[in-house]
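S.K.: One structure, pasted below without further comment.
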Amino acid sequence: MKGFNLKAIYTIAKKEFMDNIRNRWIILLSVIFVLLIVIFSYLAGGQTGGDKVLGDMQTTVFGLLGISSLLIPLIAIILGFSTISGEAESGALYVVLSYPIRRIEVLLGKLIGLGSVITFAILVGFGLGGIIITASFGTESWGGYLAFIALSIFLGFIYLSLTICISAFCKKRITSIGGGILLFFWGLIYGSVFIGILLGTGHTWQDFQTGNIPDWFFNSVILSPGDMHQTAVQLAFGVREINAMGFSIAIPDFLTMELLMVTHIIWFVVPLILAYIFFNRRDI
Amino acid sequence: MNIKTIMCPKCKTKFTIQGNSGEKVKITCPSCNVKGVFTFPSLTPDQKAVSVSVTIEIQGFTKNYNGVKAANNISFNVKKGEVFGFLGPNGAGKTTTIKALLGLIHKDAGSFKINGFDTVSNSIESRKNVGFLPERVSFYENLTPVQTLKFFCELKGVDKAVVPLLLKEVGLEEAKDRKVGTFSKGMVQLLGVAQVMIGNPSVYVLDEPMSGLDARWVKTIREKIKMLNEKGATIIFSSHILSEVENICHRVAIINRGRLIAEDTVSNLNKYLQIKPRLEITISNLNSKVPDFLNKVKGIASVDAKENSLYITCEPGVKGNIIAALQNSGLAIENIKSIEPSLEDAFVKLIERDA
């Protein structure tokens, strides 16, 4: 296989960025990120006590983690669901693919371009939020916060890879929307599904609250990129035990950052390979 | 691709077959089912010299969609510097063939070459010198036409300084800062025409380029196609506007139900199909009756009368005799309209015959 035409990939990526950066959802998402950071930090400030209005970064991040790990997938799905099926349906891909460019280059360009849009939104939203907290609370936990930003960007790329895979597989735009919705709902219901299995296999709610949970339950976290992301962020802040809202759960030792990084990479690479296979076989 | 009319040695039925020079074609008489083989004559040295100048080669293209043959063994060549019309009714397989030529869809069988490069094994090279305008052209809604054309210039490695010129060529310079999403269908089509000219390609593939445009822009595009061809470009285009095709094209190919049913110049098709000129003569005192003396005029294939109009199909050389005979008969001729055989006649006849 000949090397990639990097200029072609850059051109496609730049076009995707320019075409989507003014998307009202992206602007809204950036604003929401800033607001979320400030609101959760304010709420965290109440928890941590002292004379600071805003809370520290760790408490803030843990507070908004549940919401951000749903919002980032949502925006990735909105950006990516029509990138192949929608453009094939509208006819925009006909012209692009008649140029001297390979499909893999188009695919990578789209991934990088759309990924840059998400990265931009995260950097602006969380970056600005981080600066506001720092101004109030100091630079404590900046390392964990930067890791949280990096992991958020990674989560965005994982969902983009998954969504582009769905878009390359589905013949019609409307089917891709359906696929995207299913993907999003998997992130929503994943926790409930496995808690249901836990309770259905002889464990009690009290077992769950006290962290008396079998290993497979912890391992199942790798089946949902959102939950995998949350666990990785906790580890990035050096936190293995959660004691809040009546729960006392400790992340087992075998669930390491290295393992989670490998599963992150698998979640990113495998759908991308499948997307390439589907796209390459597809009649446009 | 050659087309030949042959006669069944058993039942004397005439029917047409198609094949490449030197190719042995298995044939079956459509009337009595007698089977046989016909070998098309090989190319002469002169003809071989012409084949070197072929820009687009399509050989045996076959494509099935869910068991339905959208294209069935389609073969034809487009010569260098030629304007080639690619025609067929809706759903005949024109767009399928064009898309396969550009690698947008995968073929089940056959091969394509553009400028000598195989479109599968040498896909990038084959597309380097091609401009393509699809039937349903669409661009990115949030980009302006300037951004759109700059994007395509970058993809082709062409200097972006040509963008204002291209926009001027298609009359979109005033809309250069508007988002493409706000454009009318005609404006998007014009942007598509600008896009196709990026880098002055040597081969243009235009799928319904005049679709959705008003008469002014149809004229502009017709003139552009002629101008590009005068500069040496090879152009293949499909259109439902047969008068435009006839006006511009050197040769045409007609496909129906996924099969190539004819490939030639318009005049050769009309000769081959024995399509005759027609006369429409308005006579004030005709009263829907065909004058008896017309039956004695040689070269008239058919004659019909409706109210004050006489419709005559005849050999090209006898029109003068017919008009003279009518004038001598004392009938009050008000108007004479001579209709020469057109591509539309050939198209309709071929499609009806293939039904």
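Sequences listed follow chains Z and E, in order. With the numbering used here, letter number 230 in the first sequence gets 230, and the count goes up by one each step, no holes. With the numbering used here, letter number 137 in the second sequence gets 1137, and the count goes up by one each step, no holes. Where is the CB? At the ideal position from N, CA and C, for every residue including glycine.
I'd like the list of long-range same chain contacts for A1049/E, defined as Cβ closer than 6 Å, with 5 residues on each side in sequence excluded.
M.R.: Confidence at A1049/E is low in this model, with a pLDDT of 47, below 50, so its placement is unreliable and the value that follows should be read with caution. Within the same chain, A1049/E has no close Cβ partners at all.
S.K.: With 16 other CB atoms within 10 Å as the buried threshold, where does L1191/E fall?
M.R.: buried
S.K.: Can S1138/E and G91/Z be called in contact, C-beta distance under 7 Å?
M.R.: yes
S.K.: Given a cut-off of 7 Å on the beta-carbon distance, is the pair A1332/E and S1284/E in contact?
M.R.: yes
S.K.: Excluding the 5 residues flanking T60/Z on each side, which residues of the same chain have their C-beta closer than 7 Å to its C-beta?
M.R.: I37, F40, S41, A44 and I133
S.K.: Is there at least one Cβ from chain Z nearer than 7 Å to S1138/E's Cβ?
M.R.: yes
S.K.: Can you name the residues of chain E whose CB is closer than 8 Å to the CB of I284/Z?
M.R.: K1099, L1104 and I1105
S.K.: Taking C-alpha atoms, which residue in V233/Z, L28/Z and H264/Z lies nearest to F148/Z?
M.R.: V233/Z
S.K.: Terminal residues of the continuous beta strand (DSSP E) containing E1263/E?
M.R.: R1259 to D1264
S.K.: Going straight from the alpha carbon of I174/Z to that of S82/Z, what length do you get?
M.R.: For the pair I174/Z and S82/Z, the Cα-to-Cα distance works out to about 9 Å.
S.K.: Does any C-beta atom of chain E lie closer than 7 Å to the C-beta of A236/Z?
M.R.: no
S.K.: Would you identify the three-state DSSP class for S1284/E, choosing helix, strand or coil?
M.R.: coil
S.K.: Tell me the DSSP secondary structure of S1031/E in three-state form.
M.R.: coil
S.K.: Suppose contacts are defined by Cβ-Cβ distances below 7 Å. Is A13/Z in contact with I112/Z by that definition?
M.R.: yes
S.K.: Check the C-beta distance from I75/Z over to L29/Z and give it rounded, since I have them as a contact under 8 Å.
M.R.: Right, the Cβ-Cβ distance comes to about 5 Å (below 8 Å), so this counts as a contact.
S.K.: Who pairs with L1279/E in a beta bridge, going by DSSP?
M.R.: I1312/E and S1338/E
S.K.: Between the segment 1163–1179 of chain E and chain Z, which residues of the former have CB atoms less than 8 Å from a CB of the latter, in chain order?
M.R.: none
S.K.: Counting only Cβ pairs nearer than 8 Å, list the residues of chain E close to A92/Z.
M.R.: S1138, F1139 and Y1140
S.K.: Quick one: give me the first and last residue of the beta strand (DSSP E) that I72/Z is part of.
M.R.: No beta strand (DSSP E) holds I72/Z; the alpha helix (DSSP H) holding it covers M57 to G80.
S.K.: Taking the straight line between their C-alpha atoms, what separation do you get for P1134/E and L108/Z?
M.R.: 24 Å
S.K.: Would you list, in chain order, the members of the segment 1146–1158 of chain E that have their beta-carbon closer than 8 Å to a beta-carbon of chain Z?
M.R.: Q1147, F1151, F1152, E1154, L1155, K1156 and G1157
S.K.: Please tell me whether P1201/E has its Cβ less than 7 Å away from any Cβ of chain Z.
M.R.: It does not; no Cβ of chain Z falls within 7 Å.
S.K.: Under DSSP, the alpha helix (DSSP H) around L259/Z begins and ends at which residues?
M.R.: Per DSSP, L259/Z belongs to the alpha helix (DSSP H) from M257 to R281.
S.K.: Looking at C-alpha atoms only, which residue of K1080/E, K1010/E, V1054/E and E1244/E is the closest neighbour of E1344/E?
M.R.: The residue with the shortest Cα to Cα distance from E1344/E is E1244/E.
S.K.: Contact check, I1198/E vs C1153/E under 8 Å by CB: the rounded distance?
M.R.: 6 Å between Cβ atoms; contact.
S.K.: For Q206/Z, which option in F247/Z, N219/Z, D215/Z and C170/Z has the closest C-alpha, if you only look at C-alpha atoms?
M.R.: F247/Z
S.K.: Can a CB atom of chain E be found closer than 7 Å to the CB of L97/Z?
M.R.: yes
S.K.: Can you give me the start and stop residues for the beta strand (DSSP E) that Y1065/E sits inside?
M.R.: V1054 to Y1065
S.K.: Does the segment 1269–1276 of chain E come close enough to the segment 1087–1097 of chain E that 3 or more CB-CB pairs lie under 8 Å?
M.R.: For the pair of segments examined, the segment 1087–1097 of chain E was found not to touch the segment 1269–1276 of chain E: the number of CB pairs separated by less than 8 Å stays below three.
S.K.: Residues in the same chain with beta-carbon distance under 7 Å from A1346/E, minus the five sequence neighbours each way, listed in chain order, please.
M.R.: V1266, L1269, N1270, L1273 and I1275
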